[in-house]
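Using the working numbering, you'd call the opening residue of the sequence shown number 218 and step up by one each time.
Since the structure comes first, as structure tokens, the remarks are kept for the end.
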Amino acid sequence: MNILLNGEQREIAEGSLMSDLLEQLALGGQRFAVEVNAELVPRSRFAEHRLNPEDKVEIIQAVGGG
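This is the structure in structure tokens:
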């Protein structure tokens with residue numbers, strides 16, 4: 218199925234969870250926020266949040282600095 222990830226079309230497996238997508242993107246251990254269709258998805262729900270065709274996913278990574 219297709220989703221829109223940070224403004225770009227991406228093909229993912231049918232029935233994928235948010236945790237599956239983040240694993241594919243190798244984001245483990247990094248700080249970031251995730252929105253799906255303009256709604257924040259808490260980190261505690263990544264393993265249960267199922268993605269749907271045409272979802273608009275935004276992943277914003279935290280960058281340290283001063």
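All C-beta atoms in this analysis are idealised placements derived from N, C-alpha and C, irrespective of residue type, glycine included.
- As DSSP reads the structure, residue 226 sits in a beta bridge with 221.
- Residue 278: member of the beta strand (DSSP E) spanning 273-278, first to last residue.
- In this structure, the beta-carbon distance from residue 236 to residue 264 falls below 9 Å.
- Counting along the chain, no alpha helix (DSSP H) covers residue 252; the unbroken beta strand (DSSP E) around it starts and ends at 249-253.
- The alpha-carbon separation between residue 273 and residue 251 amounts to approximately 10 Å.
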